[in-house]
Every structure is written in structure tokens, then in C-alpha cells.
Amino acid sequence: RAGYTKLGAYQMSYRSNDRVIIVSQRLSDLLFKRLSAYFPDSINHDGSIWEPIGLNEVFRFCRYDRGGTFDAHRDAYFARSVNERSFMTINIYLNDTDGGCTRFLNPTGKKIIFQCQPQAGKALVFLHDEYHDGDVLRLGSKYLMRTDLIYRLKSEINQQEYCLNDKHIQAKQIYIQTKERENKDSSAKTLNVQRKPWSCSLQ
């Protein structure tokens, strides 16, 4: 048995929701089968080809109450190894809501490019790099389930060679600097490449 808990690491003005984490390989396999027709066959990332292999078996169930929001941000990726990592977020809405849209923004956050109104059974699939927020929930509660689409590198690389790669070293330095900035300001915003997300129904 599991229950929702507060996310104490975030300021309420930045992210105001409760969450519970459930691990289920069975659910992961089921949803991957249902949604696979909506996924791109591959992703070209920095010249390397990655192919989808399944969903992250770790599911985050989130609950927003009236007035709840999630400030503009980009999603973090999940990595199993240097050859397996996520590139796309999957949000599955568990109820209809009044407000609480997921909105995709331009780099300055001043223009809405696309928005998705939560409806029970609707799945929203988008790249982690998309700059987005959760609009104010006007009434009631909003429930959603979030996970990630995992990809495998088509031509696998050696872990040791990867760690010595110049781009990996540079990325690690940027990551450390970003975490330092986040510690100073949890609502720090970053730029993103504009791409249009899409949604589908699980019903």
C-alpha cells in the first residue's frame, strides 16, 4: 500500500503537488505495447541513432489540488547505462480537470506554442527538452502518471571509452554547474529546442 507524499525539495511557488512512486514492469510492458504506434522508430541524437525498447518501470503518480501549478522547466532524462537512456516523457492523465493544462512555451516562456487539456485516458508524449509548465488548476484535483520512453543506442559503445570522451567530460561539467545553480534557485529556467509534442488516447 502506498500513499501520496509532499515534495519537500521544491518551493511551493515552483511545484505544488504530491507524489507516490510505483515500480511495475508489467504496467511498463502493457503501456509500451499500447503506445508504441505513436513513438518515432528512432532518434538521431548528436549523430548517433537510438531506438525505443520500452518504458521506464518506475512510475510517478502525481496529485495537484486546487491552485496547484508546476513552473516552466525541462524534464530530466533517466539513464540505465551509456547505451540505454530516455529521451521522451509520457504523461498519462487519470481524470478530467478544470484548468491544469500542460503548456509548451517558447524559450523566453512568454508565448504558448501548444497546450494539452487533461482528460481521463489521454497520453501526452514529448521530448524531455521541451520547455513546458503546468497551468493553474482551477477546481478539484488533477491526477496524472508520468514515466519515460527508454531508447537503446543502435551501435553500442564501451563504458570506459565513453567516460574519456571530450563531449562526456564537457557534459559532466555543465551538469555540475547546473546543479550548483539549481541549489541556489530551484526555479531556475533553461532554454530548449522547440518541437511540437503530441497526444493520444488510451481508451
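The numbering of the sequence shown is the UniProt record's numbering, which starts it at 1 and goes up by one.
Virtual Cβ for every residue (Gly too), placed ideally from N, Cα, C.
It should be emphasised that the depicted structure is a prediction, and the values quoted were computed from it without experimental measurement.
DSSP places Ala37 in the helix class (H, G or I) of the three-state scheme. Within the same chain, Cβ atoms closer than 8 Å to the Cβ of Ser24 are found at Glu57, Phe59, the five residues on either side in sequence being excluded. Tyr93 and Gly68 have their C-alpha atoms roughly 15 Å apart. For Pro52 and Pro118, the gap between their C-alpha atoms comes out near 25 Å. Fully enclosed beta strand (DSSP E) runs of no fewer than 3 residues occupy 58–64, 70–73, 79–81, 84–93, 102–105, 112–116, 122–127, 132–134, 137–139, 142–153 of the UniProt domain "Fe2OG dioxygenase" (54–155), in order along the chain. Partner residues in a beta bridge of Ser24, as assigned by DSSP, do not exist. Beta-carbon to beta-carbon, Arg103 and His132 are separated by about 6 Å, close enough to satisfy the 8 Å threshold. Across the set Arg74, Ile49, Asp98, the C-alpha of Asp98 shows the shortest separation from the C-alpha of Ser141. Between the beta-carbon of Arg74 and that of Asp148 there is about 13 Å, and that puts the pair past the 8 Å contact cut. DSSP, reduced to helix, strand and coil, places Asp29 within a helical segment of the structure shown. By the CB criterion at 8 Å, Ala120 and Asp96 fall inside the cutoff.
Residue state for Asp46 is assigned as coil, using DSSP reduced to three classes. Taking the Cβ atoms as the reference, Asp18 lies roughly 5 Å from Arg63, within the contact range of under 8 Å. With contacts defined by Cβ atoms closer than 8 Å, Asn83 and Leu153 form a contacting pair.
Note on Lys110: under 16 other CB atoms within 10 angstroms of its CB, so exposed under the neighbour-count rule. If you check the CB distance, Ile150 and Leu55 come in under 8 Å. Around the Cβ of Leu139, a 10 Å sphere holds fewer than 16 other Cβ atoms; the residue is exposed.
For Gly100, the number of other beta carbons within 10 angstroms of its own is at least 16, and it is reported as buried. Straight across, the Cα-Cα distance linking Tyr38 with Phe78 is about 20 Å.
By the neighbour-count criterion, in which a residue is buried when 16 or more other Cβ atoms sit within 10 angstroms of its Cβ, Ile90 is buried.
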